[in-house]
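A short write-up of the structure that comes next.
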Amino acid sequence: SVDPAAKGAFAPSDSIGPMLQSAREHCDFIESIGFTRFCVSLKDSDPAKVVEVNRRFAAERPDIPLHLGVTEAGLPPDGIIKTRIAFEQLIGAGIGDTLRVSLTVPNERKPEEIVAGLQILEDIAAGRFRSVVRPQEGGLNIISCPSCSRVENEAFVELAQSVKELTRYAQPYNLTIAVMGCRVNGPGETDDADLGLWCGPTRVNLKRGTEVLGAFPYDEILPRLRQELDQLIAQLAPQGP
Numbered sequence: 005s006v007d008p009a010a011k012g013a014f015a016p017s018d019s020i021g022p023m024l025q026s027a028r029e030h031c032d033f034i035e036s037i038g039f040t041r042f043c044v045s046l047k048d049s050d051p052a053k054v055v056e057v058n059r060r061f062a063a064e065r066p067d068i069p070l071h072l073g074v075t076e077a078g079l080p081p082d083g084i085i086k087t088r089i090a091f092e093q094l095i096g097a098g099i100g101d102t103l104r105v106s107l108t109v110p111n112e113r114k115p116e117e118i119v120a121g122l123q124i125l126e127d128i129a130a131g132r133f134r135s136v137v138r139p140q141e142g143g144l145n146i147i148s149c150p151s152c153s154r155v156e157n158e159a160f161v162e163l164a165q166s167v168k169e170l171t172r173y174a175q176p177y178n179l180t181i182a183v184m185g186c187r188v189n190g191p192g193e194t195d196d197a198d199l200g201l202w203c204g205p206t207r208v209n210l211k212r213g214t215e216v217l218g219a220f221p222y223d224e225i226l227p228r229l230r231q232e233l234d235q236l237i238a239q240l241a242p243q244g245p
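This is the structure in C-alpha cells:
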C-alpha cells in the first residue's frame with residue numbers, strides 16, 4: 005500500500021511518484037533487516053499507470069522480481085482487456101516474473117482468471133500482441149474488485165454487473181464508478197472515484213468522491229446511484245460529454 009505521507013510529497017496529479025517512493029522505502033526496510041528473497045507488486049486500476057510504474061521500477065531495481073497485475077480490473081471482458089494491455093507491454097519487454105488476473109466473477113468462475121492469464125502468456129510467446137497500444141481515453145470507467153474471501157455478501161458480483169448495465173447511458177462522460185466488495189478495502193479504494201459503492205453484509209455504502217452519502221439496502225442502491233449519477237452528468241452537460 006502507498007504510504008499516505010508519500011502522497012503528500014507529490015503533486016495530487018502524480019500517482020506514480022508515491023507508488024515508486026513507497027516501493028523504494030519498503031525495499032530499503034526489508035533489505036535492512038536481512039531479507040533478500042522477495043518480490044514487489046505495483047498495481048493500479050489504470051493499465052497505463054501499471055505499465056509506467058513497473059517500467060520505472062524495473063529500470064531502478066532490475067534485481068528485484070516484479071509481480072504484475074491490474075487491480076480492480078472489473079468484469080470480463082473489460083477486465084481482461086485492461087489486464088492484457090498492461091501485460092503485453094510489460095512482459096513483451098521482459099518485465100515481470102509472476103502475475104495475477106483479477107476479475108469480478110463469482111467463486112465458481114474463478115478459474116476464468118487462470119485461463120485468461122494463460123491465454124495472454126500464450127499470445128505473448130507467439131508474438132500475437134501489439135507493440136504499441138493506445139488505451140481507451142475518456143468515457144465512463146467502471147472499476148470493481150475481484151471478489152475475494154473478505155466479501156460478506158455474494159450479491160456483490162451481481163451488483164457490479166447491474167451497475168455496469170444501469171450506467172451504459174453515461175458512457176460518453178469522463179466519470180469513474182468504483183464497486184468494492186468489502187469494508188476492509190472499500191472505504192479507501194473508492195475515494196478517488198466520482199461515485200463509489202462498497203458492500204457490507206446487508207447494505208451498500210454510497211460515496212460521492214470522499215463524501216459518504218449513506219448506506220442503503222441492496223434492493224435500493226441502484227435507484228440512488230442513478231440519482232447521483234444524473235446529478236454529476238448535469239454538472240458536466242454544459243461542457244458536453
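Numbers in the working numbering are just positions in the sequence shown, counted from 1, shifted up by 4. For each residue, glycine too, the CB sits at the ideal point set by N, CA and C.
Short Cβ contact (8 Å threshold) for residue i with residue j
i      : j      : result
Ile85  : Cys31  : no
Thr87  : Asp48  : no
Val57  : Leu79  : no
Ser26  : Val6   : yes
Ser151 : Val109 : yes
Asp101 : Leu70  : yes
Asp198 : Gly213 : yes
Leu226 : Ala174 : no
Val167 : Ile147 : no
Cut-off 7 Å between Cβ atoms - residues of its own chain near residue i, not counting five sequence neighbours on either side
i      : result
Phe220 : Arg207, Val208, Leu210, Arg228
Gly73  : Ser45, Lys47, Leu103, Arg104, Ser106
Asn178 : Gly142, Gly143
Phe42  : Ile34
Pro115 : none
Alpha carbon of residue i to alpha carbon of residue j, nearest angstrom
i      : j      : result
Ser45  : Leu94  : 13 Å
Arg154 : Ala241 : 38 Å
Leu236 : Pro22  : 29 Å
Ala13  : Glu112 : 43 Å
Pro81  : Ile99  : 24 Å
Gly38  : Ala62  : 21 Å
Arg28  : Gln165 : 37 Å
Ser17  : Lys11  : 10 Å
Thr171 : Pro66  : 42 Å
Glu215 : Asp196 : 11 Å
Residues bridged to residue i (per DSSP)
i      : result
Lys211 : Gly200, Val216
Pro247 : The structure shown does not extend to residue 247, since the chain spans only 5 to 245, so no value can be given for it.
Same chain, Cβ closer than 8 Å to residue i, neighbours up to 5 away in sequence not counted
i      : result
Thr194 : Ala182, Met184, Gly200, Leu201, Trp202, Lys211
Ile128 : Phe91, Glu92, Ile95, Gly96
Val54  : Leu46, Lys47, Asp48, Leu72, Gly73, Val74, Ala90, Leu94
Chain-order list of residues whose beta-carbon lies under 6 Å from that of residue i (same chain, five-residue window excluded)
i      : result
Arg132 : none
Gly190 : Met184, Trp202
Exercise for the section: Inspect the CB distances between the region 152-164 and the region 182-200 and report whether three or more fall short of 8 Å. Expected result: Contact holds: three or more Cβ-Cβ distances are below 8 Å.
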